[in-house]
Structure formats: structure tokens, C-alpha cells
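Participant: Residue numbers (the working numbering): 63 to 329.
All C-beta atoms in this analysis are idealised placements derived from N, C-alpha and C, irrespective of residue type, glycine included.
So that we are looking at the same thing, I have put the structure below in C-alpha cells.
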């Protein structure tokens, strides 16, 4: 069993640094770095991605809090009329994903860019960044599971339990490794993002059945399923569609070789 240890928080002026915030920030920075690096590797202009970062983070935080508030814990709406603006007070990773998707749709349309050209870069950046952010959930143990004697269980104060933050991080690190191993596979060119969606959705849908139901603060269920499980069904649909659809040539593939269009003046 894994010992239960809750890392302390630290005050830095008006800010409170806790393990969750640190890991989430580290995950965002890692995702942004890898996303830009992969775009450059594929011959794409990485500059739009730097502009998108603030859009994605802001929308992710806001939507993440709203999904947590309205779908997971609507009882928290009674705390304060300003609770919907307290984006730091409870976040849903699926809500953050929804916010990131919304921001990407708006941003790439405004910039008149094709998102599909950058889709592989997003997959290779988001997966490991999300994995690191999930370590923050494990550090504060905010996703307790059912009681168990599984060897990876955490010794919570009220008994040995699955820790879904740990499991989710392990799954995402494994998926990240697979995506990087397959990024040069020709048949999967432009399809890594739907592959990520499909693999994660299947694992998340399965793992959510291990979430605790016997505690005072548990995730809401709708017809026996968590909000994330319904979100997983949507990701499965996107993943299957993305893997089966016909691919259009990418912008980098359409660029003529550097020698074309240049008149040679000397031989």
C-alpha cells in the first residue's frame, strides 16, 4: 500500500502555493513547450500557439470550474452568489478539456488557421502535460476511490482506497509514451489526437467505476454514471470519427520545396 501523505501549502504574499497548483502549472508549461516543439518539428509556424496559450488556459480554468460546480457539486452554488467566478475553488479536468476545445475552435477560426494541421502537436503536448497535472490530484488525494486491498491503494485515514488521481496520471503517461512511439507512423499522421481521445476515454470511463460512493463529498451520478463518463462517450465518438475519416493534406505537406519557383542565375 502507498502511505497517505498530504503535502503542505505555502503562503507567498497573497498567493497560496499548494501541490495541486504547482503540478497544474508545471503541466501547462510542459504542454505548451512540447506543443511548440512538435509544431516546429512538423514545419508549422509555432507563433500562433504562443498566442493561443492564454486563450486555452483561461477558458480551461473557467469551464473546468463551471463543470465542477454545475455538474459535479451543484450544492456548492449555495455558498455564495459569486461562486461561479471563484474558478480556483474546484476544477474538473473534463471541464478544462471542454474549455480548451471551445477556445481552440474560436481561436483558430479567428486566426483563419486549420486546426487539423496542429492536431498531432496538440496530442503530443496535451497528453504528457495532462499527466503531470494529474499528479497534483494525487498529491492532494482529491479523487478517492472505493475501499480495496489493491497493492497500489493509498492508506487514506478512513481505509485503503483506490486513488484515481494516481491511476489517471499513470494512464496518461502510458498513452503519452505510445503517442511518441507512433508519431512517425505514416498511417497515423494527423490522427494522434483522435487516438488520444479514444484511449483516454476508454480508460477514464472504466476507472470512474472505482470512484468512492460512501463518503460525504463524492461526485454526482446521473443514471449511475459520472459526468466524466458521459464526456468519455463523446470522446469515443470523436476518436472513432477522427481515426476513420479521410485526411486532407496538411499545410506543411502542401508547401513546395524551397528550390521550386526560384530562377537559377548561375550553374
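By DSSP, does residue 347 sit in helix, in strand, or in coil?
Facilitator: Because the chain spans 63 through 329 in this model, residue 347 falls outside it and cannot be assessed.
Participant: So, helix, strand or coil for residue 168, using DSSP?
Facilitator: DSSP places residue 168 in helix when its eight states are reduced to three.
Participant: Could you please give me the residues that DSSP links to residue 284 through a beta bridge?
Facilitator: For residue 284, which the question treats as bridged, DSSP gives the partners 287.
Participant: Starting from residue 152, trace the beta strand (DSSP E) both ways and give me its first and last residue.
Facilitator: That residue, residue 152, is in no beta strand (DSSP E); it is neither H nor E in DSSP.
Participant: According to the neighbour-count rule (16 or more other Cβ atoms, all chains shown, within 10 Å of its Cβ), is residue 137 buried or exposed?
Facilitator: Residue 137 is exposed by the Cβ-count criterion.
Participant: Kindly give me the distance between the Cβ atoms of residue 254 and residue 241, rounded to whole angstroms, as I take these residues to be in contact under 8 Å.
Facilitator: With a Cβ gap of about 5 Å, residue 254 and residue 241 count as contacting.
Participant: Straight-line CA distance for residue 70 to residue 281?
Facilitator: Spanning the two alpha carbons is a distance of roughly 24 Å.
Participant: Assuming residue 232 and residue 223 make a contact with CB atoms under 8 Å, what is their CB distance in whole Å?
Facilitator: Actually they are not in contact, since the Cβ atoms of residue 232 and residue 223 sit about 16 Å apart, beyond 8 Å.
Participant: Ignoring anything shorter than 4 residues or poking outside the region 191-262, list the alpha helix (DSSP H) runs there in chain order.
Facilitator: List check, alpha helix (DSSP H) in window: 226-244.
Participant: Note down, one range per segment and in chain order, each alpha helix (DSSP H) of at least 4 residues found wholly within the region 95-121.
Facilitator: Listed in chain order, there is nothing to give.
Participant: Does the region 81-101 come close enough to the region 179-192 that 3 or more CB-CB pairs lie under 8 Å?
Facilitator: The region 179-192 vs the region 81-101: in contact.
Participant: By Cβ distance, which residues of its chain are closer than 6 Å to residue 214, with the 5 residues on each side in sequence left out?
Facilitator: Around residue 214: no qualifying Cβ.
Participant: Between the C-alpha atoms of residue 174 and residue 100, what's the straight-line distance to the nearest angstrom?
Facilitator: Residue 174 and residue 100: Cα-Cα distance of roughly 20 Å.
Participant: Give the secondary structure of residue 266 by DSSP, where H, G and I count as helix, E and B as strand, and everything else as coil.
Facilitator: Three-state result, residue 266: helix.
Participant: Run the CB neighbour count on residue 134, radius 10 Å, all protein chains shown included, and call it buried at 16 or more, exposed below.
Facilitator: The residue in question, residue 134, is buried, as its Cβ has 16 or more Cβ neighbours within 10 Å.
Participant: Answer yes or no: do residue 194 and residue 85 have a C-beta to C-beta separation smaller than 7 Å?
Facilitator: In contact: residue 194 and residue 85 (Cβ atoms closer than 7 Å).
Participant: From the DSSP output, read off the bridge partner residues of residue 73.
Facilitator: BP columns for residue 73 point to 78.
Participant: For residue 248, count neighbouring C-beta atoms within 10 Å of its own C-beta (all shown protein chains included) and say buried if the count is 16 or more, exposed if not.
Facilitator: Per the 10 Å Cβ criterion, exposed.
Participant: Residue 136 bridges to which residues according to DSSP?
Facilitator: Answer is none; residue 136 lacks a bridge partner.
Participant: Taking its Cβ as the centre, do 16 or more other Cβ atoms sit within 10 Å of residue 159, making it buried, or is it exposed?
Facilitator: Buried, because 16 or more other Cβ atoms sit within 10 Å of the Cβ of residue 159.
Participant: In chain order, what residues of the same chain lie with their CB nearer than 6 Å to the CB of residue 263, ignoring the 5 residues before and after it?
Facilitator: Around residue 263: 294, 297, 298.
Participant: Would the beta-carbon of residue 286 be found less than 6 Å away from any heavy atom of the ligand FMN?
Facilitator: This structure does not include the ligand FMN; it has no bound ligands of any sort.
Participant: Rounded to the nearest angstrom, how far is the Cβ of residue 126 from that of residue 157, given a contact under 8 Å?
Facilitator: Going by Cβ atoms, the distance from residue 126 to residue 157 rounds to 4 Å, so yes, they are a contact pair.
Participant: Determine the direct distance from the alpha carbon of residue 105 to that of residue 328, and round the result to whole angstroms.
Facilitator: At residue 328, the pLDDT of 39 sits below 50, so the modelled position is not reliable; the number obtained from the coordinates is stated separately. Taking the straight line from one Cα to the other gives about 29 Å.
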